[in-house]
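Undergrad:
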Amino acid sequence: MTMERAFSTAWIDALGAELKYYDAGGVRTRCLEAGRGEPVLLLHGMGGHLEAYVRNVVPLGRSFHVYAIDLIGHGLTDKPDIDYALPDYVAFINDFLDAIGAERAHLVGESLGGWIAAWLAIQKPERVGKLVLVTGAGLSLQQDEVAQRERIERLSRLSAAAVTKPTRQSVRQRMEWLVYDPETMTDELVEIRYRFYSDPLTQDRLERIRRWLIGPERAEERRPWMLTEDQLRRITVPTFVLWTRHNPTTGWPVAEQAARLIPRARFHVMEDCGHWPQFEKPEEFNRLLMEFLTA
Numbered sequence: 001m002t003m004e005r006a007f008s009t010a011w012i013d014a015l016g017a018e019l020k021y022y023d024a025g026g027v028r029t030r031c032l033e034a035g036r037g038e039p040v041l042l043l044h045g046m047g048g049h050l051e052a053y054v055r056n057v058v059p060l061g062r063s064f065h066v067y068a069i070d071l072i073g074h075g076l077t078d079k080p081d082i083d084y085a086l087p088d089y090v091a092f093i094n095d096f097l098d099a100i101g102a103e104r105a106h107l108v109g110e111s112l113g114g115w116i117a118a119w120l121a122i123q124k125p126e127r128v129g130k131l132v133l134v135t136g137a138g139l140s141l142q143q144d145e146v147a148q149r150e151r152i153e154r155l156s157r158l159s160a161a162a163v164t165k166p167t168r169q170s171v172r173q174r175m176e177w178l179v180y181d182p183e184t185m186t187d188e189l190v191e192i193r194y195r196f197y198s199d200p201l202t203q204d205r206l207e208r209i210r211r212w213l214i215g216p217e218r219a220e221e222r223r224p225w226m227l228t229e230d231q232l233r234r235i236t237v238p239t240f241v242l243w244t245r246h247n248p249t250t251g252w253p254v255a256e257q258a259a260r261l262i263p264r265a266r267f268h269v270m271e272d273c274g275h276w277p278q279f280e281k282p283e284e285f286n287r288l289l290m291e292f293l294t295a
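Residue 179 in our numbering is what sits at position 179 of the sequence shown, and the numbering runs on without skipping anything.
Structure, rendered in structure tokens:
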């Protein structure tokens with residue numbers, strides 16, 4: 001870790017960005033925004049919030065109009081009484097694009113965010129310029145099913161512990177799961193998430209979200225929304241499948257298989273990163289995104 005990064009904070013990283021709220025189909029949506037030009041929308045993962053991209057918004061904003069948002073049910077965005085199924089998220093992103101007046105945008109999705117972005121590209125390709133899937137969720141391809149089930153069960157246990165009875169320790173354990181080197185997870189980010197998770201309404205919604213996305217009790221409802229070989233072949237927009245060597249959910253060989261199925265995809269693996277390469281190695285991540293989005 002460099003001396004410059006050691007003294008970094010979320011506020012320092014966000015200097016030059018604006019914190020705004022948009023009405024996305026009646027959902028008050030928190031957004032960190034920077035730059036001008038073609039819109040780029042950054043979507044976080046399950047249980048996350050826009051601070052997942054705090055090291056990326058301003059650098060990417062030098063060439064694009066960048067929006068990092070709290071997804072519906074997350075962070076400080078509204079938490080309506082809905083099912084929080086994947087189609088709810090896809091509709092929400094469609095509404096957010098309307099809210100910012102964008103006919104289409106480049107979508108960058110990490111984990112759950114990638115799953116949502118992929119489905120928007122499948123259902124409404126006219127609204128997606130380029131697509132970036134970062135350690136994306138929802139892939140249903142050939143893999144070691146036993147090992148994958150164990151990985152998802154561990155994530156489910158960590159998420160449930162952090163959400164249902166949050167302590168700083170349980171939240172830290174959940175967040176250290178995101179990164180390859182636990183030392184890269186900052187006390188500040190743990191505290192931000194702990195404050196979010198201490199809200200009773202947030203706890204209820206995130207537990208509902210967890211059950212639908214990875215819980216065994218909603219598996220049959222989830223099945224039609226998994227990204228199978230046939231669904232991946234339907235993604236026609238230029239796509240960048242950006243993975244890591246140490247992603248704690250789906251391994252990079254499965255992601256490489258997904259990239260081969262998407263007609264216009266490229267594939268890359270980042271080293272020494274876990275589930276959050278945009279936070280663990282922001283300079284490399286930002287460079288890779290810029291190269292793809294400007295090509």
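The beta-carbon is built from N, C-alpha and C at its ideal position, and this holds for glycine as well.
With contact counted as at least three CB pairs below 8 Å, one residue from each stretch, are the segment 44 to 60 and the segment 203 to 214 in contact?
TA: yes
Undergrad: Which stretch, first to last residue, makes up the alpha helix (DSSP H) that contains residue 183?
TA: Note, residue 183: premise wrong, no alpha helix (DSSP H); not H, not E.
Undergrad: Would you identify the three-state DSSP class for residue 152, choosing helix, strand or coil?
TA: DSSP places residue 152 in helix when its eight states are reduced to three.
Undergrad: Alpha carbons only, please: which of 223, 26 and 189 is nearest the one belonging to residue 94?
TA: 26
Undergrad: Starting from residue 296, trace the alpha helix (DSSP H) both ways and give me its first and last residue.
TA: For residue 296 there is no data in the structure shown, the boundaries of the chain being 1 and 295.
Undergrad: Write down the C-beta distance between residue 130 and residue 237 rounded to the nearest angstrom, noting that I regard them as a contact closer than 8 Å.
TA: 6 Å
Undergrad: Does the segment 226 to 233 come within contact of the segment 191 to 200, defined as at least 3 CB pairs closer than 8 Å?
TA: no
Undergrad: What would DSSP say about residue 253, mapped onto helix, strand or coil?
TA: In the structure shown, residue 253 sits in a helix (DSSP, three-state: H, G or I).
Undergrad: Helix, strand or coil for residue 39? Go by DSSP, reduced to three states.
TA: If DSSP states are grouped into helix, strand and coil, residue 39 belongs with the strands.
Undergrad: In terms of alpha-carbon separation, which member of 21, 42, 17 and 50 lies closest to residue 34?
TA: 17
Undergrad: Taking a contact to mean a Cβ-Cβ separation below 8 Å, would you say residue 179 touches residue 280 in this structure?
TA: yes
Undergrad: How many Å lie between residue 278 and residue 81 at the Cα?
TA: 31 Å
Undergrad: Which of helix, strand or coil does DSSP assign to residue 290?
TA: Residue 290 sits in a helix when the DSSP states are folded into three classes.
Undergrad: If we require 3 or more residues per run, which beta strand (DSSP E) segments fall completely within the segment 185 to 263?
TA: Runs of the beta strand (DSSP E) inside the segment 185 to 263: 239 to 244.
Undergrad: Per DSSP, which residues does residue 133 bridge with? Please list them.
TA: 109 and 241
Undergrad: Nearest-angstrom Cα distance between residue 42 and residue 58?
TA: 12 Å
Undergrad: Could you check what DSSP says for residue 162 in three-state terms: helix, strand or coil?
TA: In the three-state reduction of the DSSP assignment, residue 162 falls in the helix class, which pools H, G and I.
Undergrad: Cα separation between residue 127 and residue 56?
TA: 22 Å
Undergrad: If distances are taken between C-alpha atoms only, which option among 149, 87 and 100 comes closest to residue 124?
TA: 87
Undergrad: Return the residue from the list 37, 39, 29 and 60 that minimises the CA-CA distance to residue 14.
TA: 60
Undergrad: Going by beta carbon distance, what residues of the same chain come within less than 8 Å of residue 137, once the five residues before and after it are set aside?
TA: 45, 46, 111, 112, 114, 115, 213, 249 and 250
Undergrad: What are the partner residues of residue 69, as DSSP defines its beta bridges?
TA: 31
Undergrad: Should residue 169 go down as buried or exposed, given a rule of 16 or more other Cβ atoms within 10 Å for buried?
TA: Flag for residue 169 reads exposed.
Undergrad: For residue 152, I'd like the list of residues in its chain whose CB is within less than 6 Å of its CB, leaving aside the five on either flank, ordered along the chain.
TA: 214
Undergrad: In this structure, how does DSSP classify residue 22 when only helix, strand and coil are distinguished?
TA: strand
Undergrad: Judging by CA-CA distance, which residue of 156, 19 and 134 is the nearest neighbour of residue 217?
TA: 156
Undergrad: Is residue 54 helix, strand or coil when you go by DSSP?
TA: DSSP places residue 54 outside both helix and strand once states are collapsed to three, so it counts as coil.
Undergrad: Starting from residue 127, trace the beta strand (DSSP E) both ways and give me its first and last residue.
TA: That residue, residue 127, is in no beta strand (DSSP E); it is neither H nor E in DSSP.
Undergrad: Does the beta-carbon distance from residue 188 to residue 9 come in below 8 Å?
TA: yes
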